[in-house]
Amino acid sequence: MSWDLSSDRPIYAQLLEQIELKICSGIYPPGFKMPSVRDLAQEASVNPNTMQRALSALEDTGLLYSHRTSGRFVTDDADLIKNTRTRLAQKHIKEFLKKMSELGFNKGEILEILINLSGGNTK
Numbered sequence: 019m020s021w022d023l024s025s026d027r028p029i030y031a032q033l034l035e036q037i038e039l040k041i042c043s044g045i046y047p048p049g050f051k052m053p054s055v056r057d058l059a060q061e062a063s064v065n066p067n068t069m070q071r072a073l074s075a076l077e078d079t080g081l082l083y084s085h086r087t088s089g090r091f092v093t094d095d096a097d098l099i100k101n102t103r104t105r106l107a108q109k110h111i112k113e114f115l116k117k118m119s120e121l122g123f124n125k126g127e128i129l130e131i132l133i134n135l136s137g138g139n140t141k
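Going left to right, the sequence shown walks through residues 19 to 141 as our numbering numbers them.
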């Protein structure tokens, strides 16, 4: 998964979201040793201080933890990862519903579109 950063929002917030996504999707699995700040910053083409800020924020949430001499690791707390995944999904769904509403769709029309896109399968 590439680092897709845009100039319309703070880079730090985008890094935080993308690392959360990589954790929730399993790209960075539970217990995974994170690359160094410098390596991640180079990979994302950002300032190491900006990457450090995002990683520190993820430590504050518990998704990452540090061992003083060993580096940073992804939490082993499956419930925390699941809750983060659900929170991210809810955020994206709310944004989607807002956009659809702005386009003039009502809830029934939105549901119909989603059902049709999924091949009629509601499971």
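Where is the CB? At the ideal position from N, CA and C, for every residue including glycine.
Our contact map puts residue i next to residue j with C-beta atoms below 8 Å; I'd like the distance itself, whole angstroms only.
i       : j       : result
Phe-114 : Phe-50  : Not confirmed; about 29 Å, so no contact.
Leu-81  : Ile-133 : Not quite, the Cβ-Cβ distance comes to about 34 Å (not below 8 Å), so this is no contact.
Ala-75  : Trp-21  : In fact, because the Cβ distance is near 17 Å, the residues do not count as touching under 8 Å.
Ile-128 : Met-118 : 5 Å
For residue i, collect the residues of the same chain with a Cβ closer than 8 Å to its Cβ; drop the 5 residues on either side in sequence, then sort them by chain order.
i      : result
Ser-54 : Gly-89
Based on DSSP bridge pairs, tell me the residues matched to residue i.
i      : result
Lys-51 : Phe-91
His-85 : Gly-89
Of the choices the options, whose alpha-carbon is the least far from that of residue i?
i      : options                         : result
Asp-57 : Gln-70, Ile-45, Pro-47          : Gln-70
Ser-25 : Ala-59, Ile-131, Val-64, Ile-37 : Val-64
Please go through the same chain and pick out, in chain order, the residues whose beta-carbon is closer than 7 Å to the beta-carbon of residue i, but skip the five residues on each side of it.
i      : result
Pro-48 : Val-92, Thr-93, Asp-94, Ala-96, Ile-99
Excluding sequence positions up to five away, which residues of its chain have a Cβ less than 6 Å from the Cβ of residue i?
i      : result
Tyr-46 : Lys-40, Val-92
Please tell me whether residue i and residue j are closer than 8 Å, where the distance is taken between their beta carbons.
i      : j       : result
Ala-72 : Leu-106 : no
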